Each structure stands twice: as structure tokens, then as C-alpha cells.
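Take a look at the structure set out below.
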Ligand code: UT7
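In my numbering, the protein residues as written are 6 to 344.
This is the structure we're talking about:
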């Protein structure tokens, strides 16, 4: 078997970075397609055949993105065998922060009692977890910090327009977390590739509430505080960007898709997952899917899937894992990890 190239470990002044613990949390409330049939003009058959989604989780009114993040983080810390006071930095990927500021990362820092930790948010929509993983990994690689907590958390139900059948059937709430540390003699994160194209920002956006369109009674009446998406164009861009990011990451490691034990794509739509897997040449056994149970949880999506894949025994120590994501921005990214 040809050797794997480890682009990061070949730089002697940098440390390798491993994921030493994962965890996830989804709210208890399940919203089924049958319930959506009573809310908008849709059908279980349409939703399942166009998206693969059967149900999604919805946070309680009092449950915020930082609450979901806290639960996922506690599980990731337990899985890494560390306590909150060991965390040096918390990076939270979200597009549904508890509020405009302070950052959700700071709210999580307080809830965890991570008194030594610096904290900030990353906004890269559904690509957020891989963006955050990449950013966080450099702090460990450069010896700046030893222990970084990366979280993807979303309360998408708070920005979904429940009268718009084009979007309300697609999204769900949840959070996933990972602890990054140097593990001696392990290669860990082999490579990451990120990309963006702001020219296509309008394909998927939440226009109201920012400096371009501050909240007024009028912006509320125009429903500008809900997300909007051009589904068809987003779909095409998602497949192309995810395939090229994944291929770029594989080629940097000088490996083919057959070497990957588990492919974990952003869980947006079963048809997108199938198209990406087919174009990459990945088999059903390699592809991890949970979009049927959670819908699209944006920045939390691959983080939840990674935790489930580990807990289900789909990933063992030494296996190669491919994460591949796409989201508003547009943004996209891929990461290859030796587990
Ligand atoms: O996470 C970030 C990335 N997000 C994505 O990647 C999502 C990408 N897009 C998609 O997943 C798909 O485009 C959708 C699932 C959103 C839509 O699937 P589609 O096959 O592209 O459907 P469409 O937009 O072409 O709509 C087909 C028809 C339309 O009716 P007409 O115009 O043909 O009469 C829609 O109005 O389906 C109608 N429709 C629905 N019908 C029943 C749209 N939503 C629904 C619905 N129930 N919920």
C-alpha cells in the first residue's frame, strides 16, 4: 500500500493535532413530517423523496444555542477524560448565536466554568465546524494552546420561517463538540482545505438584523429575520464544491477515496449525499448518514455525525475519516483525519 502523506507532520516546528474526545446533544422534542403536514402545504412523501428527512429535533423555547453547546461540550470533555479548567480556548461555530453579542463561545465558557479559556465564535454557516476545526488546530499545532474545545451548535428553529414550505421542512436543532490536543505519536488532522465565494451570498441568507438592514417593525413585517434559500442553485453548488474540496484534501494526502473508512458529509439532503458519494466513488458502507433523523443542523451537522460514527464503532483508532462541508457564504471545506 502506498504511504500516506502527512502534510502537517512534515513541518518539524509544528505539533500534530488529534481529536481526543467527541460529544453531541440533540433536544428531546421530535418534529415529524406528519406534524409539518399540518403546518404548511407539504407531505411526508415529498419531504422524504426530495430530502431523505423523516424527522428533526426542535429545542424548547428556553433552550438556546449555548445550552445545546454546553451539553455537547460536557460529553466531549468526558470522552476526552478532561475537565473544563483544562480548556485553553473555546471556538464555537454557529449562525444562530444566543444574541448578536457577546459571543456564544463566551456564554459556553461561563456555563462550563472554563475559567482559563479564551473564547470566540466563527461564522461560516453549515461549513462552520470544519472552519473552526481548522482555525483551532493551528493554536495547538503552534504550541500556543494545549487543549481547544471546538463546537458546532445551532437553534435553526429560531431562524426558520415556519410559513415557508421551501425551507421549514429542512432544518433541525442540535450541537456537536470535539476536543483538540496533541497526542504523541499520532498524526491526527492530516489536512484541511477551505474555500468561499461571496459572489453567491444571496443564494442562502438571513438578511435582517445586521448593519445592512437593522431591525425595524417593517423588516419584521417583511419576514427579513428568517433564512431564505434558492434551493436548486444551492444544491448544484453544494455538490460541486463538496466534491472538489474532498478531492483536493485527498490529493494533498496522496490517497484515493478507497483509503477512507468513513466519509462524513454535511447532512443537508440525502440526494446531495448520494451525488457527492457517487462522484467521489465512495460506497454506501463508507458514507455516514443521519439526515433522516435530524435534518440539516447547519454548523452542528458534521460534529453530531462524527460523534455518532465514533459511538457506533464506524471509526476505530488509526482509521482515516473525511469530513466535507458546504454552506452559506458560500463556504465549503474538507478535512482528512487519522483517528
Ligand atoms: O446547508 C446548506 C446547504 N443547503 C442545501 O444544500 C439545500 C440544497 N437544496 C435542496 O436540498 C433542494 O433544492 C430542496 C430540498 C430545497 C428542494 O428540492 P428540489 O428538488 O430542488 O425542489 P424544487 O425547489 O425544484 O421544488 C419543486 C416543487 C416546487 O413546486 P413547482 O414550482 O414545481 O410547482 C416547490 O414549490 O416542489 C415544491 N415544494 C414543495 N412541495 C411540497 C417546495 N417545498 C415543498 C414542500 N412540500 N416542503
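Built from N, CA and C at the ideal position, the CB exists for glycine as well. Bear in mind that the values here come from a model prediction, so they are computed numbers and not experimental data.
Asked                                                                                                                                                                         : Found
Report the CB separation of residue 69 from residue 187 in whole angstroms; it is logged as a contact under 8 angstroms.                                                      : So it is not a contact: roughly 32 angstroms between Cβ atoms.
If you reduce the DSSP assignment to three classes, tell me which class residue 247 lands in.                                                                                 : helix
Please list the terminal residues of the continuous alpha helix (DSSP H) segment that includes residue 173.                                                                   : 170 to 173
Residues in its own chain within less than 7 angstroms of residue 147 by CB, not counting five upstream and five downstream?                                                  : 19
Could you pull the DSSP bridge partners for residue 185 from this structure?                                                                                                  : 24 and 153
Give a single yes or no on whether residue 279 has its beta carbon closer than 6 angstroms to a heavy atom of the ligand UT7.                                                 : no
Does the beta-carbon of residue 337 have 16 or more other beta-carbons within 10 angstroms, so that it is buried, or is it exposed?                                           : buried
Counting C-beta neighbours from all protein chains within 10 Å, is the total for residue 274 16 or more, i.e. buried, or is it exposed?                                       : buried
For the ligand UT7, I want to know if residue 293 counts as a neighbour, meaning its beta carbon is within less than 6 angstroms of at least one of the ligand's heavy atoms. : no
Tell me, please, whether the stretch 209 to 219 touches the stretch 80 to 94 by the rule of three or more beta-carbon pairs shorter than 8 angstroms.                         : no
Determine the closest residue to residue 44 out of 246, 172, 301 and 270, with distance taken between C-alpha atoms.                                                          : 172
I'd like to know whether the C-beta of residue 11 is nearer than 7 angstroms to at least one C-beta of chain C.                                                               : In the structure shown, chain C cannot be found, because there is only a single protein chain.
Near residue 282, which residues of its chain fall below 6 angstroms by C-beta distance, leaving aside the five closest residues on each side in sequence?                    : 292
Does the contact criterion of 3 or more C-beta pairs under 8 angstroms hold for the stretch 120 to 140 versus the stretch 329 to 336?                                         : yes
Could you check what DSSP says for residue 6 in three-state terms: helix, strand or coil?                                                                                     : coil
Tell me whether residue 228 sits in a helix, a strand or coil according to DSSP, three-state version.                                                                         : coil
Less than 6 angstroms between the CB of residue 47 and some heavy atom of the ligand UT7, yes or no?                                                                          : yes
Taking buried to mean at least 16 other C-beta atoms within 10 Å of its own C-beta, is residue 289 buried or exposed?                                                         : exposed
Are the stretch 145 to 165 and the stretch 57 to 68 touching by the rule of at least three beta carbon pairs closer than 8 angstroms?                                         : yes
The beta strand (DSSP E) with residue 427 in it runs from where to where?                                                                                                     : Since the first residue of the chain shown is 6 and the last is 344, residue 427 is not available in this structure.
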